[in-house]
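Colleague: Position 192 (the sequence shown) corresponds to 192 in full-length UniProt numbering; numbering is contiguous.
This is the structure, below, for whatever I ask next.
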Amino acid sequence: MSGTNNARSFQFAHLLAAGAFGALGAFFTCYLSKRAQPVRPPIRVLITGAAGQIGYALSSLVGHGELLGKSQRVILHLLDVETATEPLNGLKLELIDSALPLLTDVIATTNPTEACTGVSIAIMVGGFPRKAHMERKDIMAMNGSIYSKHAYALEKYACKGCKVVVVANPANTNAVILSQCAPSIPRKNITCLTRLDHNRALGQVAAKLNIPVNVVKNVTIWGNHSSTQYPDVNHGCANGITIRNAIRDDNWLDNEFVSIVQQRGAAIIKARNLSSALSAASSVCDHIRDWVLGTPPGHWVSMGVISDGSYGVPEGLCYSFPVTCKDGDWNIVQGLDIDARSRQKMDDTARELEEERRLAQDYLQSL
């Protein structure tokens with residue numbers, strides 16, 4: 001009898017050991033598969049205005065995998081004007097010295113043809129900044145000249161399916177100019193950056209509630225990347241609770257919160273005597289990464305996209321909407337309830353964009 005029990009005990013111990021080793025083996029297989037993801041062949045990423053502050057911050061983030069993930073190698077194309085040749089080359093030297101394993105090569109150039117050749121992603125940071133004495137029509141003409149030339153180079157030399165995000169202000173209307181001057185680039189592939197405003201809104205809600213920012217979701221930036229933008233929390237959540245129920249201060253949400261987000265860029269300029277750079281670069285990475293790799297289930301983000309008439313926004317404007325992303329494509333979130341106050345603010349920012357578009361078209365027709 002004892003021999004039978006000993007045999008059974010041995011078999012049981014053997015099974016336990018086998019199970020343990022099997023589980024351990026499965027663990028290491030899973031662990032190693034996650035650790036050793038195959039590095040994909042490099043794709044070419046363009047940054048215009050690369051010698052500036054945003055380009056300086058952004059190029060390092062791209063090289064560290066923040067734009068496209070830790071398994072995607074990149075050939076970085078850096079473009080700037082001839083007067084920026086020395087700092088542009090200095091940036092290239094620093095990137096080489098950083099020994100970033102995902103950065104296969106760096107091309108620094110002042111030639112738009114060379115810069116745009118073969119790129120799959122174009123980040124348009126370069127533009128003419130508005131100065132104190134300039135009227136809006138003047139800035140539209142200056143940027144119209146820049147973006148019509150960039151559009152030609154991208155249309156002729158970039159990869160088919162190239163994804164474009166315009167960062168330089170007026171970002172929405174620069175994107176419209178680029179779209180009109182590069183008709184062969186699909187309209188869905190031309191966007192502008194409002195993720196910075198989106199992230200600012202998330203940050204303000206998180207700070208108000210004293211919670212981590214990653215548990216706040218589904219705020220929306222409607223309209224222009226300007227002081228007329230409408231930061232909307234009506235459909236957002238914080239820790240699974242609607243933002244309005246979590247904060248319980250409609251006066252703050254409808255007034256101070258909106259003003260803080262709208263004026264955040266000006267506040268940063270006042271504080272550091274320079275415009276946003278690090279936060280802008282980080283939000284560019286968020287914008288592209290979600291567009292290419294997809295938004296998490298149940299989450300949406302804000303992107304400036306060419307309007308298809310959704311929510312009554314005039315077609316053809318580049319307007320910030322809530323979007324979800326999957327398989328390299330974006331889609332506007334449909335069916336959100338819009339109250340009368342929100343409708344007014346959405347219409348106000350649309351009117352500003354219509355006026356900007358009119359000024360841009362006046363310039364393009366004069367060419």
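Backbone N, C-alpha and C define an ideal beta-carbon position, used for all residues, glycine too.
1. Between the Cα of GLU355 and the Cα atoms of ALA271, VAL176, HIS198 and VAL165, which residue gives the shortest distance?
2. Tell me the residue span of the beta strand (DSSP E) that contains PHE321.
3. Using the three-state DSSP reduction, which class does SER2 fall into: helix, strand or coil?
4. Quick one: what's got a C-beta closer than 7 Å to GLU82's C-beta in the same chain, skipping five residues either side?
5. Among residues of its own chain, excluding the 5 on either side of ILE269, which ones have a beta-carbon nearer than 7 Å to its beta-carbon?
6. How would you write the range of the alpha helix (DSSP H) that SER276 sits in, first residue to last?
7. Looking at PRO314 and ALA350, is the spacing between their C-beta atoms short of 8 Å?
8. For THR85 and VAL119, what's the separation of their Cα atoms in angstroms?
9. When the Cα atoms are used, what is the spatial distance from ARG130 to HIS150?
10. Go to HIS77, then tell me how far its beta strand (DSSP E) extends in each direction, as first and last residue.
11. Between which two residues does the alpha helix (DSSP H) carrying ILE306 extend?
12. Look at ILE47 and SER60 and say whether their C-beta atoms are less than 8 Å apart.
13. Quick one: Cα of LEU78 to Cα of ALA50, how far?
14. Alpha carbon to alpha carbon, what distance is there between LEU336 and SER71?
15. What is the DSSP secondary structure of VAL213, counted as helix, strand or coil?
16. Is any non-hydrogen atom of the ligand ZN found closer than 7 Å to the C-beta of SER310, if you look at the structure I gave you?
17. Identify which residue in VAL39, ASP254 and ALA115 has its Cα closest to the Cα of THR104.
18. Can you tell me which of the three DSSP states ASP286 falls into?
19. Can you tell me where the alpha helix (DSSP H) with MET142 in it begins and where it stops?
20. Under the three-state reduction of DSSP, which class applies to LEU58: helix, strand or coil?
21. DSSP three-state call for ASP232: helix, strand or coil?
Modeller: For this structure:
1. VAL176
2. 318-326
3. Residue placement at SER2 is flagged as unreliable, the pLDDT there being 46, under the threshold of 50; the coordinate-derived value follows with that caveat. Three-state result, SER2: helix.
4. THR110
5. SER275
6. Here SER276 belongs to no alpha helix (DSSP H), and DSSP marks it neither H nor E.
7. yes
8. 21 Å
9. 19 Å
10. 72-79
11. That residue, ILE306, is in no alpha helix (DSSP H); its beta strand (DSSP E) goes 301-306.
12. no
13. 5 Å
14. 36 Å
15. helix
16. This structure simply doesn't include the ligand ZN, nor any ligand for that matter.
17. VAL39
18. helix
19. 136-157
20. helix
21. strand
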